[in-house]
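Colleague: Going by the UniProt record's numbering, the sequence shown opens with residue 1, and the numbers climb by one from there.
Have a look at the structure that comes next, please.
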Amino acid sequence: MAAGGSNALLTPDQAAEYLNIPKRTLMDSYQRWGLRHVRVGKHVRFRVRDVENWIDSQTVEP
Numbered sequence: 001m002a003a004g005g006s007n008a009l010l011t012p013d014q015a016a017e018y019l020n021i022p023k024r025t026l027m028d029s030y031q032r033w034g035l036r037h038v039r040v041g042k043h044v045r046f047r048v049r050d051v052e053n054w055i056d057s058q059t060v061e062p
């Protein structure tokens, strides 16, 4: 993937699969976690780069 990540939008199902967590967990927690999202009308979408940046921010160095 190019530097800076992708602007591609993921549905909640796709984002949950990407994170390997249940969709319900994602939808219950994404705002509390500070996971950036995009509203498309009443629908929530997640940019691939935002998901990857969030993962990086959660990484704990030994």
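For glycine and all other residues, C-beta sits at the position ideal for the given N, C-alpha and C.
Computed from a predicted model, the values in this text were never measured in an experiment.
Determine the closest residue to R36 out of Q14, V60, V48, with distance taken between C-alpha atoms.
Modeller: V48
Colleague: Starting from the C-beta of A8, find all residues in its chain whose C-beta is less than 6 Å away, skip the five residues before and the five after it, and write them out in chain order.
Modeller: V48
Colleague: Could you check whether L10 and R45 sit closer than 8 Å to each other, using their CB atoms as the reference points?
Modeller: Their beta carbons are under 8 Å apart, which means R45 touches L10 by this criterion.
Colleague: What span of residues does the alpha helix (DSSP H) with V48 cover, start to end?
Modeller: In the DSSP annotation of this structure, the continuous segment of the alpha helix (DSSP H) that includes V48 starts and ends at 48-58.
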